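Residue numbers (my numbering), protein chains in the order written: chain C, 7 to 361; chain X, 7 to 361; chain U, 7 to 361; chain R, 7 to 361; chain E, 7 to 361. Please read the structure below before turning to the comments.
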Amino acid sequence: MARRAYGRQSQKSGQDPGTLVHVGEPSSDKATLVVTLFDETAVSRTETSDVSVLEELKGRPGNLWVDLHRLHQVPLVEAIGNCFQIHHLVLEDILNTTHRPNVESYDDYIFVSLKMLDYEAGHEGISSRQISLVIGSRFLLSFQEKEPDPFDILRQRLESPNSKVRRAGPDYLAYCMLDTVIDNYFVVLDKMAERIERLEEELLKNPGTETLRVLHRVKTDLILLRRSVWPVRELASRLINEDSPLIKDSTRPYLRDLFDHTIHAVDTLETFRDIVSGMLDIYLSGVNNRLNEVMKVLTVIATIFMPLTFIAGWYGMNFKYMPELESPWGYPAVIVVSLVVVVSMLLFFRHKRWI
Amino acid sequence: MARRAYGRQSQKSGQDPGTLVHVGEPSSDKATLVVTLFDETAVSRTETSDVSVLEELKGRPGNLWVDLHRLHQVPLVEAIGNCFQIHHLVLEDILNTTHRPNVESYDDYIFVSLKMLDYEAGHEGISSRQISLVIGSRFLLSFQEKEPDPFDILRQRLESPNSKVRRAGPDYLAYCMLDTVIDNYFVVLDKMAERIERLEEELLKNPGTETLRVLHRVKTDLILLRRSVWPVRELASRLINEDSPLIKDSTRPYLRDLFDHTIHAVDTLETFRDIVSGMLDIYLSGVNNRLNEVMKVLTVIATIFMPLTFIAGWYGMNFKYMPELESPWGYPAVIVVSLVVVVSMLLFFRHKRWI
Amino acid sequence: MARRAYGRQSQKSGQDPGTLVHVGEPSSDKATLVVTLFDETAVSRTETSDVSVLEELKGRPGNLWVDLHRLHQVPLVEAIGNCFQIHHLVLEDILNTTHRPNVESYDDYIFVSLKMLDYEAGHEGISSRQISLVIGSRFLLSFQEKEPDPFDILRQRLESPNSKVRRAGPDYLAYCMLDTVIDNYFVVLDKMAERIERLEEELLKNPGTETLRVLHRVKTDLILLRRSVWPVRELASRLINEDSPLIKDSTRPYLRDLFDHTIHAVDTLETFRDIVSGMLDIYLSGVNNRLNEVMKVLTVIATIFMPLTFIAGWYGMNFKYMPELESPWGYPAVIVVSLVVVVSMLLFFRHKRWI
Amino acid sequence: MARRAYGRQSQKSGQDPGTLVHVGEPSSDKATLVVTLFDETAVSRTETSDVSVLEELKGRPGNLWVDLHRLHQVPLVEAIGNCFQIHHLVLEDILNTTHRPNVESYDDYIFVSLKMLDYEAGHEGISSRQISLVIGSRFLLSFQEKEPDPFDILRQRLESPNSKVRRAGPDYLAYCMLDTVIDNYFVVLDKMAERIERLEEELLKNPGTETLRVLHRVKTDLILLRRSVWPVRELASRLINEDSPLIKDSTRPYLRDLFDHTIHAVDTLETFRDIVSGMLDIYLSGVNNRLNEVMKVLTVIATIFMPLTFIAGWYGMNFKYMPELESPWGYPAVIVVSLVVVVSMLLFFRHKRWI
Amino acid sequence: MARRAYGRQSQKSGQDPGTLVHVGEPSSDKATLVVTLFDETAVSRTETSDVSVLEELKGRPGNLWVDLHRLHQVPLVEAIGNCFQIHHLVLEDILNTTHRPNVESYDDYIFVSLKMLDYEAGHEGISSRQISLVIGSRFLLSFQEKEPDPFDILRQRLESPNSKVRRAGPDYLAYCMLDTVIDNYFVVLDKMAERIERLEEELLKNPGTETLRVLHRVKTDLILLRRSVWPVRELASRLINEDSPLIKDSTRPYLRDLFDHTIHAVDTLETFRDIVSGMLDIYLSGVNNRLNEVMKVLTVIATIFMPLTFIAGWYGMNFKYMPELESPWGYPAVIVVSLVVVVSMLLFFRHKRWI
């Protein structure tokens, strides 16, 4: 799991700073580029893998949204970067999918990068993929590490003539994308809540070694979730306080709302961590409790039968001269003594509340 | 319990930001709207479910208090919002009852949302319901997630001609409402204190598996309480420092007092958490202590009877040639040896302070 | 104990904010009012329960110190408040003895409230009572929740003609009172140190269930102490930085010294908490260690006698055809085998360092 | 390991402040000085151990990079310091290789010191060596505690005519060096991730005493790593905010990128610490679980055979008068009773879910 | 140990603020006063116990260093205070040797107090003694609680004509003294590192009850060390930022270096605490591991011999009618069955990896 927390950042080590390298899982699929030109009156969409189209569209009036779905084709990313005059370091960060969420403000654009989270029902784990946005005054670039594309719904909204997203500019569109990503965090948190609840029931009813293993996995997942969600809080706060004309005043209340959502997510996460960390203590106490119970059974059995076995053994001795053996009252007396031993032991255990 | 900490925020996921959806438990009861128009000289109260009444009352002199008791009728909330020109995002937050306490300042009003807490005696748990306030210069809107209505007492106070709440404006009325909510926190904390004390007694007298379960539940309840109470502290502090003409200077000392109360509540909560977290350690130590005691009993019994049983078994052997068996002193000698074994074992255990 | 941390704040819940109610233990004793009028040249002391005397003394030149010893007579507190024009909220805080230490600055006076701590030798616990001060430019009001009166020594100092407290004004007198209260914290900390040291000795020498109980009590006492002492730190810091003419510059170095004392107290408290929290770990390790020892004794005994008992049982079998039983070397051979078993087991345990 | 965390700082104790002493491992190798003079048009490299060469090169146009590979020759360091007018305290810090990472700004230069980390595959540990930089307006001094030299790659880049590092000044060259060092942190973190993952697998599959030992070593390594990496975060942040003409505006985005990398490293480290600290709990729970299992086996065996052995012993008694022994149904009856005992015990354990 | 953390501050309780009382260990030795008058050209040293000498020396040109070696003679301290017009509260703090490290700035002097630490090899503990400095523009007062005098080396440096300490003023001399004290912290930390390392080895090789005791003592020592070292960090930082002409600009880089040293010391201390706190977990796990091993031995022995003993007991029964006993194959069959039991048990344990 530690590897997942990390993601082989060292692929890049030893390179010249500024060298563009794709850090992440390699892929052989073809990258697609979805370009949408929109303003209040019209929307046109083009799917291409030829960057020269961008140069042409950039000149036209309206806002341009360039959406790249796979990052492994480094030259394509570089070409888009050159077309919109994006700093080399930004392109580097876009390509490095192991990086932590971040926001960076430049003169002509704001760079935002964060993680889209997916809950994988199959093996009950969380996977993440990076989403990077570059917000300009009249363009928005979005780079997605992997499919599926969560922004299809936005494209549909852009089509409808009176939608706010079409009237507003790239900053509001970027907000919509961030909102989609953060709303998705709550879906993942919801799944985690279910999982924690199931674990809680199991813990109180029937805990075993498997419970411990699941507990460990949930704990590690929360640690990794935290790593993706925490920085988004700071990211949102910095976007609000960004003193840049790229973010219009009418968009700021929405960003503030976004910030509230991230705080809520972080808060929920911390609550989960508190609950789960308490669960291990409960587990440990439960294990100790059961050990106690096992030991009580053993002690009760041993304490009752050891004296009895001794008595039986005693009169199994073969001494020539043992007067008790000859007596007709010997056997009944031993029976009585044995019963007394059993009853007094039982009373002792009852007194100790062991049975 | 994790679910309770969370409340299915994901109901909203995938929606257009700004879409009004009620996030919370659905209900089929009819929503009631209690509208109070008051100034120093007169008070009039209307119960209605027709929003057009509001438009008419808004025009009249005096302060208007609009109190909505159930949130599930989204169009009603939207109509009230339109009537007082409330931002779409505020209405969204009012309807989302899973949101954390918050304060948001707009040009013409301040939006405050927090949780009313109820201690449910039946199953010893805490439930919460959301209270949202919108404070304007001449109006106050209050939205309650569920009944019962804690503000009945305020309506009574408004009736009495010389009450301060009637002379003062909507800001003081809002303060009174916040004060009611926070005073109620102390009732809940009081119940928690009783519960913790009962648990403490049980822990030192007669701890068992059930104690552990209750301990876990108390701990989780404190985590959830913290989630509702902590943000109120920040909320109160921001209300004090709010540089808005909507909050009159004469109201500020009251808000400062409110802030002191929230700090006291938070403080008490933290103290509870410290005490409860120490209790688990005590429990664990107690379990270990009892295990120790059980083991001592077992060891004492085994250590006394094992050598005795061996001796008895030894002379139960059937060898033809065993001189001791023939001797008349054999049996008395074995009795003496057995007594020596028992006494020396008892002395050994006394020395070890096990008995 | 949790109740002690809390003190039934909820007595007030549901009241109109500003209603004066005594929150604390009720009492039927008569409240006494000790009024001291002093300046550089003269001192006069009056004991009364009639507030009208105050009005008369207020008019005279000199500084006025009004000291009320019991709070349960609400009308008396209200009358004093009216006489010196104290805000309603301040009177409320004076009467609510469960409140946390606080400082509040008003135009004409500064309100300070903190806890006097007493170590009760009898049942080794700490009790607290509230002291509230209202510092005006020419008057000082002090309200004590309960007796005994720790400020008697100050009255004596006021009597001596050249004492600094007489020459200085109400602010220095207030400092002297705070200094008395905080000096007393060190007496309580001293007692705690003794108790912790005794506990430490017991822990390393002869720990038992009672030790655990005492440990829990000491831990809870430290949590409660912390609750009283921590806020005083912030209180002192705010008094120093108070930009008010009510506090003369010559008094500030003394307040700074007071602040250093509170930091020292807080520091000592944290050190105690660290030491005590480490002690529980030691206790737990000790319990486990002893369990280990018990188990070793059991194992050694069982491992030696079980094979022996088996051997003895074996030759106790009644088979017709058992050649060993007939042989004259049978019995000596069994003796030799038994000795070999005992010696080899002992060597095994010595190797394992169990004996 | 504690010693490694510390490094014998006390070698210096008792010395006059400002005395230059090499604090670190002594060495007898000869120190080499690699001096590179570069500007946009030309590069020349000299290897020497004669400081007078520096004086001569300092006068020439272009930027000067002086790289010293071993610190133990104090006079050499002092001579370099004098040549570039470096403060005595800076030279002291350069020579003290146990010091923590730091940045110090002087009028004519900025002093930066941090740790290069190496993962030693042999005994799975981390070693560190100090790198100190002095950034002037036209010179850069670098002091390395030990070999190997990680900056060889930079020298190669300087050779290529159009490299950015050649066009830019000493500040960008310093950035490249810091970037190399911090990139290397990720290599070390990668190795740690592998080690933690191996440990995790072992923990869940087959934990033993050795696992505990490795866990302890990993934990200590993370503590030491933290000590080297944490201060670099602050160091990077201070370099960005440094208001000095020595750092050109074009270099600042690179430093910001560097800062992001250090945050990422610190973040990863904290995640590792969280995961590893959870692992010890899992280990402890696992040990307890296995103890439980062992005890169950013992209890099952004892509980089945003790009653049986007692029954067998009972009818081994030699009483003259025992009617059961005479009966032909005696033996079959005992067989039946024994079977009943065994079956009922097995059912009891099945009910308890022990088998 | 808790007492050592505390030091009986309550000796002073109940006193008039400003009363000079020596809080610390009483002594009957005579206090000595070493007065050094120095400037760039000359140095003269006087040992006296007569304060009037000071008055005379104060008038002469040059810097005056007054060094008092024992504090118990309160009048002497008071006389020195009067001679240099030191505030009463400062003298009080000088005499109270239980106080925490502090810096206080007055108009004509700066007061600094901190702890000199000594590692006592004999019983492996740390003792501390207070050093107080009063830095004036032309004088430096130093008060040492106890001997030995660590500043002898400074006096020797003052004798040498060209030493920096002689050319610089009282502020640099004070820096040298602080540097001596803080350098000594590293000697103590070095000893702690050795002790922790020894403990670590013992822990992994051969842990016992004594190990636990030493661990507790080391932990408590680290807590107490922290108490002395932490405030020095803040102290150094405040000295750097002190906006006072008493500290010359040329001294500031040295103070900054001092600050770096204190951060390094604090850092090392925290690392030690982390390592030691991890060691207790290791100890506990080790104890549990060994318990496990003991239980396995017991279980293996019991599980092998209990069935065997039962078989032997079974054929020891004295029933008249037991066909097996008569058969010639009875005994060999029992031998075979017993061997099968032993072998199958051994295979079972091998499978469980217990042997």
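We put the beta carbon where it would ideally sit given N, CA and C, even for glycine. Everything numeric in this text was worked out from a predicted model, so none of it was measured.
Interface residue (Cβ-Cβ distance to chain C less than 9 Å): residue 302 (chain R) is classified as such.
Taking the CA atoms as reference points, residue 301 (chain U) sits about 12 Å from residue 301 (chain C). Your pair residue 195 (chain C) and residue 275 (chain C) checks out as a contact, with CB atoms roughly 7 Å apart and the cut at 8 Å. At least one CB of chain E lies nearer than 9 Å to the CB of residue 311 (chain R). Listed along chain X, the residues sitting closer than 9 Å to residue 297 (chain C) by beta-carbon distance are 293 and 297. Here residue 165 (chain X) is exposed, its C-beta having fewer than 16 other C-beta atoms within 10 Å. Contact check for residue 135 (chain E) and residue 151 (chain E): beta-carbon distance about 4 Å, within the 8 Å limit, so the pair qualifies. When Cβ-Cβ separations below 9 Å define contact, residue 330 (chain R) makes contact with chain E. Under the 9 Å criterion on CB atoms, residue 322 (chain X) is classed as interfacial with respect to chain U. When DSSP reads this structure, residue 122 (chain U) sits in a beta bridge with U:135. Judged by their CB atoms, residue 228 (chain X) and residue 272 (chain X) are not nearer to each other than the 9 Å cut-off. At a cut-off of 9 Å between beta-carbon atoms, residue 308 (chain R) makes contact with chain E. Shown here for residue 116 (chain X): same chain residues with a beta carbon closer than 6 Å to its own, the five before and five after excluded, namely 141 and 252 in chain order.
Counting C-beta atoms within 10 angstroms of its own C-beta, residue 172 (chain E) has 16 or more neighbours from the protein chains shown and is therefore classed as buried.
If the five residues before and after residue 326 (chain U) are omitted, its C-beta is found closer than 6 Å to no C-beta atom of its own chain. Between residue 125 (chain C) and residue 36 (chain C), the gap from beta carbon to beta carbon reaches 9 Å or more. Near chain U, meaning a CB-to-CB distance below 7 Å, no residue of the segment 42-64 of chain X qualifies. Between the alpha carbons of residue 40 (chain X) and residue 236 (chain R) lies a distance of about 58 Å.
Scanning its chain for C-beta atoms nearer than 6 Å, with the 5 sequence neighbours on each side dropped, one finds around residue 96 (chain E) the residues 117, in chain order.
Non-local beta-carbon contacts of residue 111 (chain X) in its own chain, meaning distances under 7 Å to residues more than five positions away in sequence, involve 248 and 250 in chain order. DSSP places residue 79 (chain X) in no alpha helix (DSSP H); its state is neither H nor E. Against chain C, the CB of residue 254 (chain R) has no partner CB under 9 Å away; the residue lies outside that interface. Your pair residue 318 (chain R) and residue 308 (chain C) does not check out as a contact, with CB atoms roughly 17 Å apart and the cut at 8 Å. Legend: CB atoms of the segment 247-273 of chain C lying less than 9 Å from CB atoms of chain X belong to residues 259, 260, 262, 263, 264, 266, 267, 269, 270, 271 and 273. Note that the C-beta distance between residue 47 (chain R) and residue 71 (chain R) is not below 9 Å. Of the other Cβ atoms in all chains shown, 16 or more fall within 10 Å of the Cβ of residue 241 (chain R); this residue is therefore buried. Chain-order list of chain R residues neighbouring residue 93 (chain C): 259, by C-beta distance under 7 Å. When the alpha-carbon of residue 123 (chain U) is set against those of U:342, U:336, U:358 and U:191, the nearest one is in U:191.
Residue 71 (chain U) is outside the set of residues whose beta carbon lies under 9 Å from a beta carbon in chain E.
The contact set of residue 316 (chain E) on chain R, defined by CB atoms closer than 8 Å, consists of 311, 314, 315 and 318 in chain order. For residue 50 (chain C), the uninterrupted beta strand (DSSP E) run begins and ends at 49-54, by DSSP.
Along the segment 279-290 of chain X, the positions whose C-beta sits under 8 Å from a C-beta of chain C are 286, 289 and 290, read in chain order. CA-CA distance, residue 132 (chain R) to residue 265 (chain E), rounds to 28 Å. A direct Cα-to-Cα measurement between residue 238 (chain R) and residue 361 (chain E) gives close to 50 Å.
Residue contact check for residue 87 (chain X) against chain C: no CB pair falls below 9 Å.
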